[in-house]
Each structure stands twice: as structure tokens, then as C-alpha cells.
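Using UniProt numbering, read the sequence shown as starting at 1 and increasing by one per residue. Each residue gets a CB set at the ideal place from its N, CA and C atoms; glycine is no exception. One structure is given here, and the rest of the page talks about it.
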Amino acid sequence: MALIVVPGSRHLVLERCHDEIGDWRIILHSPYGRRVHEPWAGALVVIAGGKLLLYLAQGGKKMLVWQEKDELLPPEVFHALATALRREPRLRFTLTEVNDQPERQTPMFTLLREAGFSSSPQGLDWG
1 MALIVVPGSR
11 HLVLERCHDE
21 IGDWRIILHS
31 PYGRRVHEPW
41 AGALVVIAGG
51 KLLLYLAQGG
61 KKMLVWQEKD
71 ELLPPEVFHA
81 LATALRREPR
91 LRFTLTEVND
101 QPERQTPMFT
111 LLREAGFSSS
121 PQGLDWG
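What follows is the structure in C-alpha cells.
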């Protein structure tokens, strides 16, 4: 497939393709290199209908959620996140913030618990 835009200082290109086991993989083409992009590596995203819905940062402490004002994402989005996380059986982390707020103060708290996260004094545990 030919690109209409070449990656450069004003344009980054995202490529979506299947990986070796048939799951979707996203590749970022950028001129900035490893020093800029490595901190973002290892993040997990949930995309549906061509829209970014969830971004779980590397290390799992912070999550960003994109949703319409006063509208919760459907539980299936959080179950998709849990399904992706289960593919790494040794993965363990504690989620402490959702959209820069303590996880317990967000409407997503219950949805994350239903998806398989467990409550701890520090936050929501996975694994």
C-alpha cells in the first residue's frame, strides 16, 4: 500500500496490520526515534470503530479514557482490555489514576472491577 503522507516533523503515520497470531498491531512511523517514543512503548490501547477509547500507560499506573461527556463507555470496552491483559499471564500492576483522578473517584471503577481488576488499598490490582 502506498502512503499519501510521508512521516516527517509535521506528520506521523499509523499503520494497522495483523501480527503473527492474527491480532491487530499498530505501528507508528516517525522521524523522532527511540528516545522520544520508547517511553510510550508497551502501552496498551483499546480501539473500536476507528476511535481510541482506552490508553493504559506502560507500567499500568495510569489510564486515559476517551468518552462523550456524561456517557460511560460500554462494559465490553473494559472486557476487551481484560482480554488483552490476560494474554500476559505474569503481568502484575496497580492502577492508581484514571484521567488524572484517583481510580475510586471515577465512574469507570465499577466497570474495571467487573472486568477483573481487584480492589486494594493502593488502587485496582491486575494479576
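- Rounded to the nearest angstrom, the gap between the Cα atoms of residue 14 and residue 105 is 33 Å.
- Per DSSP, the unbroken beta strand (DSSP E) holding residue 48 starts and ends at 44–48.
- Counting C-beta pairs with one atom in each stretch, the segment 58–78 and the segment 90–98 have three or more that are closer than 8 Å, which means they touch.
- For the set 109, 107, 110, 84, the Cα lying nearest the Cα of residue 127 is the one of 84.
- Here residue 123 is buried. Its C-beta has 16 or more other C-beta atoms within 10 Å.
- For residue 29, the uninterrupted beta strand (DSSP E) segment begins and ends at 24–29.
- About 6 Å separates the CB atoms of residue 114 and residue 75; that is less than 8 Å, so the two are in contact.
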